[in-house]
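Asks: Here it is: the structure, laid out below.
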Ligand code: MN
């Protein structure tokens, strides 16, 4: 069964599991939607039916746990990385449908009727944000050279009734519009709002230039994504999306954008950035406006899970016995990587650390542990660091490498990287005459099997038979 081929099928699933909070109380676009979503973060999605001055509802927090992303893919949490890698290896081409069969074309708005803030409840999230931001729009563009599409998410500031300011970091979309801009041409771009967690996740794949992330989504569903050609531009968009903004990135135009509260829980600064002019809007009947509160679990995990999959792949090229990786929430799902591995050769822990730094520039601090340490349990990870690490031989420091420009402790992105090799020395794993090994963890026989509830006294028994033990001393 497909649980998440569109936002509406996913909402139905959440509703059946009682994992969506319906918020009927009148709420303001300014901060109130973000505040309530944040309170529900990690527990429930927030569906706002009564946004001040708007008829259109707002959804936020569609998936805020690993469990929910796994459920969206109809798998269990432990399969997330392998499933994602398999989808990247075997993408499934999209299936084009006619406009009449595409719900997102049920309504078409053209010309002067395009007025973003009049049409949609676009929230202000953080205190010092420059204004209303589209935070959950899939930006889809076609490479003018190859015709292949690219999907990515960019923060989009509402700068006018048909104008957006965009932060476009130097990756794939940047390449497309730069090629066009050098010839004085705009680049067609569609902003797709209101999709399920699988499309959001696929959009964050660390895929090579030329690979269409929507085809990765198709592979994740095991079913081609139905797409429709836009009304005014040459781009194909998911036919069951809620809202599509059709527009173009203007050549040679830069306008102020920012500040904007970002995933590291700091503000990305204001500067002159690229401008998108909206030429048309299409939307379903009774559309739902989707937002992602920046730095929420939804935002962090969307960046984290696909990165983990790619890093796992990279690390296994270096040491095939790498078991799993975890980009922790506290490390913003970007900067802190925990790796579990089966060490077969002395020194491999350090090779894994070096490979992680090379694998993605965002990786800043790496902890490598033996395979029996649960890397999703941070108390376990800290225990390994506390008892299996000596700085004089287990520490790796790389100075002046490229890190994240959004990490305010870097010098415009130039960063120190630190690795902690917490694997135990292979020579220590010897046991003589059943004496404990040097790094043998204590264990209580039967601990896993014992069912403590069978041993507990009933409350009534405490009162009647054992009350001599439960009283205040005079
Ligand atoms: Mn791409």
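In my numbering, the protein residues as written are -17 to 456.
In this text, a Cβ means the ideal position worked out from N, Cα and C, and glycines have one as well.
Mapping the DSSP letters down to three states, classify residue 401 as helix, strand or coil.
Replies: If you number the chain shown from 1, residue 401 lands on position 419. Residue state, collapsed to three classes: strand.
Asks: With a 10 Å radius around its C-beta and 16 neighbouring C-beta atoms as the bar for buried, classify residue 128 as buried or exposed.
Replies: Counted from its first residue, the chain shown places residue 128 at position 146. Exposed: under 16 other Cβ atoms inside 10 Å.
Asks: Hey, residue 210 and residue 217: beta-carbon distance below 8 Å or not?
Replies: Stepping through the chain shown from its first residue, residue 210 is reached at position 228. Stepping through the chain shown from its first residue, residue 217 is reached at position 235. Contact flag unset, no.
Asks: Got a sec: does the ligand MN put a non-hydrogen atom nearer than 7 Å to the Cβ of residue 197?
Replies: On the chain shown, position 215 is the one that residue 197 refers to. No, Cβ of residue 197 sits at least 7 Å from all heavy atoms of the ligand MN.
Asks: Applying the criterion that 16 or more other CB atoms from any shown protein chain within 10 Å of the CB defines a buried residue, is residue 396 buried or exposed?
Replies: Here the question's residue 396 lines up with position 414 in the chain shown. Exposed, since its Cβ has fewer than 16 Cβ neighbours within 10 Å.
Asks: Do residue 228 and residue 258 have their C-beta atoms within less than 8 Å of each other?
Replies: Locating residue 228 in the chain shown gives position 246, counting from the first residue. Locating residue 258 in the chain shown gives position 276, counting from the first residue. Their beta carbons are not under 8 Å apart, which means residue 228 does not touch residue 258 by this criterion.
Asks: Our contact map puts residue 166 next to residue 270 with C-beta atoms below 8 Å; I'd like the distance itself, whole angstroms only.
Replies: Counting from 1 along the chain shown, the entry for residue 166 is found at position 184. Counting from 1 along the chain shown, the entry for residue 270 is found at position 288. With 8 Å as the limit, residue 166 and residue 270 do not qualify as a contact, their Cβ atoms being about 38 Å apart.
Asks: Tell me whether residue 30 is buried or exposed, calling it buried when 16 or more other Cβ atoms sit within 10 Å of its Cβ.
Replies: The residue labelled residue 30 in the question sits at position 48 within the chain shown. It is buried - the Cβ of residue 30 has at least 16 other Cβ atoms within 10 Å.
Asks: Report the start-end ranges of each beta strand (DSSP E) in the region 91 to 165 that is 3 residues or longer and not cut off at the edges.
Replies: Within the region 91 to 165, the complete beta strand (DSSP E) runs of at least 3 residues are 119 to 124, 131 to 135, 138 to 142 and 145 to 148.
Asks: Between the region 318 to 337 and the region 78 to 94, do three or more beta carbon pairs fall short of 8 Å?
Replies: No: the two stretches stay apart, fewer than three of their Cβ pairs being nearer than 8 Å.
Asks: Under 7 Å: does the beta carbon of residue 131 sit that close to some heavy atom of the ligand MN?
Replies: Here the question's residue 131 lines up with position 149 in the chain shown. Result no, Cβ not under 7 Å from the ligand MN.
Asks: My parser needs the beta strand (DSSP E) runs of 3 or more residues fully inside the region 311 to 355; what are they?
Replies: With a minimum length of 3 residues, the continuous beta strand (DSSP E) runs that stay inside the region 311 to 355 are 318 to 323 and 347 to 352.
Asks: Compute the minimum distance between the beta carbon of residue 201 and the heavy atoms of the ligand MN, and state whether it is under 7 Å.
Replies: Here residue 201 refers to the residue found at position 219 of the chain shown. For the ligand MN, not one heavy atom lies less than 7 Å from the Cβ of residue 201.
Asks: Could you say which of 361, 237 and 392 lies nearest to residue 381 if we only look at CA atoms?
Replies: Reading the chain shown from its first residue, position 399 is the one you call residue 381. Answer by Cα proximity: 392.
Asks: With residue 168 and residue 161 assumed to form a contact (beta carbons below 8 Å), what rounded beta-carbon distance in angstroms separates them?
Replies: Within the chain shown, numbered from 1, the residue matching residue 168 stands at position 186. Within the chain shown, numbered from 1, the residue matching residue 161 stands at position 179. That belief does not hold up - the Cβ atoms of residue 168 and residue 161 are roughly 12 Å apart, past 8 Å.
Asks: Taking buried to mean at least 16 other C-beta atoms within 10 Å of its own C-beta, is residue 37 buried or exposed?
Replies: Taking the first residue of the chain shown as 1, we reach residue 37 at position 55. Burial call: exposed.
Asks: How would you write the range of the beta strand (DSSP E) that residue 280 sits in, first residue to last?
Replies: Taking the chain shown and counting its residues from 1, one reaches residue 280 at position 298. Where residue 280 is concerned, there is no enclosing beta strand (DSSP E), although the alpha helix (DSSP H) it sits in stretches over 279 to 300.
Asks: Output needed for residue 194: all residues of its chain with C-beta closer than 6 Å, excluding positions within five of it in sequence on either side, in chain order.
Replies: Along the chain shown, one-based indexing puts residue 194 at 212. Excluding residues within five positions, the ones whose Cβ falls inside 6 Å are 130 and 131.
Asks: When you compare the region 404 to 411 with the region 431 to 440, are there three or more beta-carbon pairs, one atom per stretch, that lie closer than 8 Å?
Replies: No, they do not touch.
Asks: Determine the burial state of residue 379: buried for a count of at least 16 other Cβ atoms within 10 Å of its Cβ, exposed for fewer.
Replies: In the chain shown, residue 379 corresponds to position 397, counting from 1. Residue 379 should be labelled exposed.
Asks: Is the Cβ-Cβ distance between residue 117 and residue 145 less than 8 Å?
Replies: Residue numbering aside, residue 117 sits at position 135 when the chain shown is read from its first letter. Residue numbering aside, residue 145 sits at position 163 when the chain shown is read from its first letter. No, Cβ-Cβ distance for residue 117 and residue 145 is not below 8 Å.
Asks: Residue 0: which of 22, 16 and 11 sits nearest, CA to CA?
Replies: Taking the chain shown and counting its residues from 1, the one referred to as residue 0 is at position 18. The option with the nearest alpha carbon to residue 0 is 22.
Asks: Just grab the DSSP bridge partners of residue 429 for me.
Replies: Mapped onto the chain shown, residue 429 falls at position 447. Paired residue(s): none; residue 429 is not in a bridge.
Asks: Just checking residue 134 against the ligand MN - is the residue's beta carbon closer than 7 Å to any of the ligand's heavy atoms?
Replies: What you label residue 134 is simply residue 152 of the chain shown in a count that begins at 1. Indeed, a heavy atom of the ligand MN lies less than 7 Å from the Cβ.
Asks: Would you check if the distance between the CB atom of residue 24 and the CB atom of residue 47 is smaller than 8 Å?
Replies: For the purposes of this step, residue 24 is identified with residue 42 of the chain shown, where counting begins at 1. For the purposes of this step, residue 47 is identified with residue 65 of the chain shown, where counting begins at 1. Cβ atoms of residue 24 and residue 47: closer than 8 Å.
Asks: In the DSSP output, what is residue 253 paired with across the bridge?
Replies: In the chain shown, residue 253 corresponds to position 271, counting from 1. Looking at the DSSP assignment, residue 253 forms a beta bridge with 239.
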